[in-house]
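Colleague: Take a look at this one; I'll ask things after.
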Amino acid sequence: QVSETQSIFHYHSQYTYELYNILTTPTFGLVLLENNPSLNTIAVKTCGTDYGCLYDISLTMDTNLGRTTRTIRQNNQKIRENLVNFPPVITGDRIITVTVGDTPTTVQYTGEDPNTNNETIIRIK
């Protein structure tokens, strides 16, 4: 144990060094849910298996905060999925020269998705 003179913390006058017990074992969030069956039921219904959501509800008893945590996590997952999705590679003529009144011209482009290898053909008339 660190002595009062060695401590790097400053204690407010009503919270002195002697008030703190080093033998205190913290109660972890999910244990709080186990000890509160009704909150546990609501939390599981709100969060499913989202650990962050369950943890936030267990510590704050606020289902809205847990729901927000879950939504943020889901949105971040969608953003990560989109970031690894490369844009399609489009092949076709780079320069198109047409004259008004000439025979209709058809230009064809092919787009290949490097992530799924799906191809889309785009025709411009």
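My numbering puts the first residue of the sequence shown at 2, with every later residue one more than the last.
Don't be surprised by glycine CBs; every beta carbon is placed ideally from N, CA and C.
Please report the Cβ distance between T47 and T64, rounded to the nearest whole angstrom; I am assuming they are in contact, meaning their Cβ atoms lie under 8 Å.
Modeller: Confirmed, Cβ separation roughly 5 Å.
Colleague: G30: which of I43, G102 and S59 sits nearest, CA to CA?
Modeller: Minimum Cα distance to G30 is reached at S59.
Colleague: Which runs of the beta strand (DSSP E), 3 residues or longer, sit entirely within the stretch 30-106?
Modeller: DSSP runs (the beta strand (DSSP E)) wholly in the stretch 30-106: 90-92.
Colleague: Could you pull out every residue in the same chain whose Cβ sits closer than 7 Å to the Cβ of T106, ignoring the five residues on either side in sequence?
Modeller: Hits under 7 Å: V99.
Colleague: Which first and last residues belong to the beta strand (DSSP E) in which T17 is found?
Modeller: No beta strand (DSSP E) holds T17; DSSP gives it neither H nor E.
Colleague: Report yes if the CB atom of Y16 is closer than 8 Å to the CB atom of E5, and no otherwise.
Modeller: Their beta carbons are not under 8 Å apart, which means Y16 does not touch E5 by this criterion.
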